[in-house]
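Notes for the one structure printed next.
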Amino acid sequence: MTKINHWINNQIFTSQSGRAQDVWDPATGQSEKQVVLADETDVNKAVEAAQTAFPAWANFSPLKRARILDKFKTLLWDNVDALAKVISAEHGKTHDDALGEITRGIEVVEFSTAIPHLLKSDYSDQVGTNVDSYNMRQSLGVVVGITPFNFPAMVPMWMFPIAIACGNTFVLKPSERDPSTSMMIADLLKQAGLPDGVFNIVHGDKVAVDALLTHPDVQAVSFVGSTPIAKYIYETGMQNGKRVQALGGAKNHMIIMPDADIDMAVNALIGASYGSAGERCMAISVAVPVTDAVADALIERLKPKVEALKIGPASDKATEMGPLITAQHRDKVSSYIDIGEQEGATLVLDGRGFQQKMQGYENGYYLGGTLFDNVTEEMRIWKEEIFGPVLSVVRKPDYQSAVKLVNQHQYANGTAIFTRDGDTARNFARHIQVGMVGVNVPIPVPMAFHSFGGWKGSLFGDHAMHGNEGVRFYTKIKTVTTRWMSGLREDPQFTLPTL
Ligand code: NAD
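To convert, note that position 348 of the sequence shown is 329 in my numbering; the numbers rise steadily by one, no gaps.
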């Protein structure tokens, strides 16, 4: 049994916590690895390493930091296949999908290599007699990232490249369900020349998270995961004086207007709803066809495509959709199909019990593609995040009622509209109460140089991830006002200086 340990000061750190848990291969239901679970002593070691490394790293010129990140980017491309294999083995997603998430992560590394430019700030000449003023963006210190299972490469890379480019040192607490990718990333950072202690990893569960949230030397916390935990992280972090950005769960709607290209909409839906087994925070989990005629045409075209989905292990190149992350999560998603039936939704396709069809992989955590029609806003399958390959169709008679449906949801991560009408598209983009919006784009994940983040129950805090928002989150602003007297004399002043 392989043991996955922490990474502190550019080397493996063997935990003495005595706590560990199995890491499963979701395709087979087998486990050959265990990940250690940190105790407070382990967390203190990681934060101490980061705190010790901070002053020297913060003093590196931004260009020098950028060059290390540039080398890291090259190493990521060199090792992209090996990284994707590890992701597939622990997460279950297909090789191509894993390559996709690494690419999106590399884009943030590329963005971070522009840090000398990104940290440039304002200068005002002669704001008063012989007085000039300028801003600096300075690093915070030790910052922490706590990440979910569904993007073991991309989500950590939303955080640490910008954090360390800004001169901070970093402690990552990756998901305990697929921890190996982060260890490969740490090794590549070391190969790129990152000094000891700038990037550290502690594996673990709530014990590790709580120790990080309350540690006096931790200045800021970035979190991505489910909404109840995001809220907990935000509140606990704030109570302990940290800067916090905490991204939570989602329920993403796609409105299909009567003028939309229906075949294009169906093709978009199949990938956006069932890709990565629906375990994406930007997955479309609710389709909102406007008018019954559009709904009937949609279901007619969608049903055979969902039935034809090639479900299997990532090792089979033909696979389009892999297993879910754990048996427990598969059972939870399955229980939502029971709930939908009890609530009176029309079960068009039922994915329950699919693993029995998986010859040779009966112990894997598979679920078939599931499709519900006639779902209403009173139902739990609409209100709650399911996070699996389950698409609900909510029929609406017109555009206004479709928009009202989206706007009344507790989550507001992503949404999309499919239409050929420019006025409708513009109205939608301006008035929808959601953080990331697509027009004929089903999964509108912003590029690295824009920022990723939802509204309402999908994000707690003031900053989204990466792009300029990332730079703002990982720096604090200082404003310097200077005066050179050039022979001028000034009498004592007892009123507030005005220039
Ligand atoms: P999760 O909330 O269970 O876990 C996320 C992290 O929190 C993990 O590192 C985990 O160890 C830690 N954690 C879990 N329980 C904890 C507790 N009680 N106290 C302290 N820490 C705890 O999420 P997950 O199942 O790994 O990931 C799926 C969820 O993440 C979904 O809800 C999905 O929508 C969300 N997600 C959101 C985004 C986004 O950008 N908004 C992106 C990816 C995933």
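Built from N, CA and C at the ideal position, the CB exists for glycine as well.
**OP:** Starting from the C-beta of Arg224, find all residues in its chain whose C-beta is less than 6 Å away, skip the five residues before and the five after it, and write them out in chain order.
**Re:** Locating residue 224 in the sequence shown gives position 243, counting from the first residue. Take Arg224, set aside five residues on each side of it, and the residues of its chain with a beta-carbon closer than 6 Å to its own are Ala201, in chain order.
Subject >> In DSSP terms, what Leu440 is bridged to >> reply: Position 459 of the sequence shown, counted from the start, is the residue given in the question as residue 440. DSSP, once it has assigned bridges, lists Leu228 as partnering Leu440.
Original post:
Out of Lys(-16), Met339 and Val371, which has the shortest C-alpha to C-alpha gap to Val287?
Top reply: For this step, residue 287 is matched to residue 306 along the sequence shown. The option with the nearest alpha carbon to Val287 is Val371.
Original post:
Tell me the DSSP bridge mates of Pro270?
Top reply: In the sequence shown, the residue the question calls residue 270 occupies position 289. In the DSSP output, where bridge partners are listed per residue, Pro270 has Ile237.
Original post:
Just to confirm, does Ala397 get its C-beta within under 7 Å of one of the non-hydrogen atoms of ligand 1?
Top reply: Sequence index remark: in the sequence shown, residue 397 carries index 416 (1-based). The closest heavy atom of ligand 1 lies 7 Å or more from the beta carbon of Ala397.
**OP:** Please name the residue in Ile318, Ser296 and Ala246 whose C-alpha comes closest to that of Val420.
**Re:** The residue given as residue 420 occupies position 439 in the sequence shown. Ranking the options by Cα distance to Val420, first place goes to Ala246.
Subject >> Buried/exposed call for Met518, threshold 16 Cβ in 10 Å >> reply: The question about residue 518 has no answer, for the chain in this structure spans -18 to 480.
**OP:** Can you give me the Cβ contacts of Arg453 inside the same chain, cut-off strictly under 7 Å, excluding the 5 residues immediately before and after it?
**Re:** Here residue 453 refers to the residue found at position 472 of the sequence shown. Shown here for Arg453: same chain residues with a beta carbon closer than 7 Å to its own, the five before and five after excluded, namely His444 in chain order.
Original post:
Looking at the structure shown, is Val247 part of a helix, part of a strand, or coil, going by DSSP?
Top reply: As a working mapping, residue 247 is identified with position 266 in the sequence shown. Helix, per DSSP.
**OP:** Work out the CA separation of Pro427 and Tyr455 for me, nearest whole Å.
**Re:** Along the sequence shown, read from residue 1 onward, the residue named residue 455 stands at position 474. Along the sequence shown, read from residue 1 onward, the residue named residue 427 stands at position 446. Spanning the two alpha carbons is a distance of roughly 19 Å.
Original post:
What residues in its chain sit with their C-beta under 6 Å from that of His196, if we drop five residues either side in the sequence?
Top reply: On the sequence shown, position 215 is the one that residue 196 refers to. These residues qualify, in order along the chain: Val28.
Original post:
Helix, strand or coil: which one does DSSP assign to Asp277?
Top reply: Here residue 277 refers to the residue found at position 296 of the sequence shown. Asp277: helix per DSSP, three-state reduction.
**OP:** Note down, one range per segment and in chain order, each alpha helix (DSSP H) of at least 4 residues found wholly within the stretch 157 to 218.
**Re:** 161 to 172 and 187 to 195
Original post:
So does Lys298 have its beta carbon nearer than 7 Å to some heavy atom of ligand 1?
Top reply: Looking up residue 298 in the sequence shown gives position 317. False, no ligand heavy atom lies under 7 Å from that Cβ.
Original post:
Enumerated in chain order, which unbroken segments of the alpha helix (DSSP H) with a length of 4 residues or greater are wholly contained in the stretch 57 to 130?
Top reply: Taken in chain order, the whole alpha helix (DSSP H) runs of length 4 or more contained in the stretch 57 to 130 are 61 to 72, 76 to 93 and 96 to 99.
**OP:** For Ala295, I'd like the list of residues in its chain whose CB is within less than 8 Å of its CB, leaving aside the five on either flank, ordered along the chain.
**Re:** Counting from 1 along the sequence shown, the entry for residue 295 is found at position 314. Around Ala295: Ala8, Ser69, Ala70, Gly73, Lys74, Thr75, His76, Ala79 and Gly303.
Subject >> Within 8 Å, strictly: CB atoms of Ser102 and Gly148 >> reply: Taking the first residue of the sequence shown as position 1, residue 102 is located at position 121. Taking the first residue of the sequence shown as position 1, residue 148 is located at position 167. Against a cut-off of 8 Å, the Cβ pair of Gly148 and Ser102 comes out as no contact.
Original post:
Quick one: what's got a C-beta closer than 7 Å to Lys284's C-beta in the same chain, skipping five residues either side?
Top reply: Counting from 1 along the sequence shown, the entry for residue 284 is found at position 303. Excluding residues within five positions, the ones whose Cβ falls inside 7 Å are Val329, Leu330 and Leu352.
Original post:
Starting from Gly419 and walking both ways along the beta strand (DSSP E), at which residues does that stretch end?
Top reply: Looking up residue 419 in the sequence shown gives position 438. Counting along the chain, the beta strand (DSSP E) containing Gly419 begins and ends at Met417 to Val420.
**OP:** Given a cut-off of 8 Å, decide if Ile243 and Ala274 are closer than it, judged by their beta-carbon atoms.
**Re:** If you number the sequence shown from 1, residue 274 lands on position 293. If you number the sequence shown from 1, residue 243 lands on position 262. No, these two residues do not count as a Cβ contact at 8 Å.
Subject >> Coil, strand or helix - Tyr346 by DSSP >> reply: As a first step, residue 346 is located in the sequence shown; it is residue number 365 there, counting from the start. In this structure, Tyr346 counts as coil in the three-state DSSP scheme.
Subject >> Between the CA atoms of Tyr347 and Pro36 - distance to the nearest angstrom >> reply: For the purposes of this step, residue 36 is taken as the residue at position 55 of the sequence shown. For the purposes of this step, residue 347 is taken as the residue at position 366 of the sequence shown. If I take the Cα positions, the gap works out to 49 Å.
Original post:
By how many angstroms is the C-alpha of Ala167 removed from the C-alpha of Thr327?
Top reply: Indexing the sequence shown from 1 puts residue 327 at position 346. Indexing the sequence shown from 1 puts residue 167 at position 186. So the two alpha carbons sit approximately 48 Å from each other.
Original post:
Cβ-heavy atom distance between Ala231 and ligand 1 below 7 Å?
Top reply: The sequence position of residue 231 within the sequence shown is 250, counting from 1. Result yes, Cβ under 7 Å from ligand 1.
**OP:** Would you grab the beta carbon distance between Val152 and Val183 for me? Rounded to a whole angstrom, and I think it's under 8 Å.
**Re:** Position 171 of the sequence shown, counted from the start, is the residue given in the question as residue 152. Position 202 of the sequence shown, counted from the start, is the residue given in the question as residue 183. That pair is a contact at about 6 Å.
Original post:
By the 10 Å Cβ neighbour count, where 16 or more other Cβ atoms means buried, how is Thr128 classified, buried or exposed?
Top reply: Position 147 of the sequence shown holds residue 128. Thr128 comes out buried.
Original post:
Taking three-plus beta-carbon pairs below 8 Å as touching, is the stretch 460 to 476 in contact with the stretch 431 to 446?
Top reply: no
Original post:
So, is Gly(-1) buried or exposed, given that buried needs 16 or more other C-beta atoms within 10 angstroms?
Top reply: Residue mapping note: residue -1 aligns to position 18 of the sequence shown, counting from 1. By the neighbour-count criterion, in which a residue is buried when 16 or more other Cβ atoms sit within 10 angstroms of its Cβ, Gly(-1) is exposed.
**OP:** Identify whether Met428 lies in helix, strand or coil by the three-state DSSP scheme.
**Re:** Position 447 of the sequence shown, counting from 1, holds the residue named residue 428. If DSSP states are grouped into helix, strand and coil, Met428 belongs with coil.
**OP:** Using alpha carbons as the reference points, say which of Lys232, Gly229 and Ser203 lies closest to Pro219.
**Re:** The count along the sequence shown starts at 1 and reaches residue 219 at position 238. Checking the sequence shown, residue 219 turns out to be Met, not Pro. Closest by alpha carbon: Ser203.
Original post:
Measuring CA to CA, which of Ser266, Phe430 and Glu13 is closest to Gly451?
Top reply: Here residue 451 refers to the residue found at position 470 of the sequence shown. When only C-alpha atoms are compared, the closest one is Phe430.
Subject >> Burial state of Phe475 (16 or more Cβ within 10 Å) >> reply: Here residue 475 corresponds to residue number 494 of the sequence shown, with the count starting at 1. It is exposed - the Cβ of Phe475 has fewer than 16 other Cβ atoms within 10 Å.
Subject >> Residue range of the unbroken beta strand (DSSP E) whose run includes Arg464 >> reply: Indexing the sequence shown from 1 puts residue 464 at position 483. Unbroken beta strand (DSSP E) run through Arg464: Thr456 to Arg464.
**OP:** Report yes if the C-beta of Pro270 is less than 7 Å from at least one heavy atom of ligand 1; otherwise report no.
**Re:** Here residue 270 is taken as the residue at index 289 of the sequence shown, counted from 1. Answer for Pro270: no, Cβ out of range of ligand 1.
**OP:** Check the Cβ-Cβ distances between Lys187 and every residue of chain B, and say whether any is below 8 Å.
**Re:** Absent here is chain B; the protein component of the structure consists of one chain.
Original post:
How big is the Cα-Cα spacing for Gln32 and Ser373?
Top reply: On the sequence shown, residue 32 is found 51 positions in, with the first residue counted as 1. On the sequence shown, residue 373 is found 392 positions in, with the first residue counted as 1. Straight-line Cα distance between these residues: approximately 48 Å.
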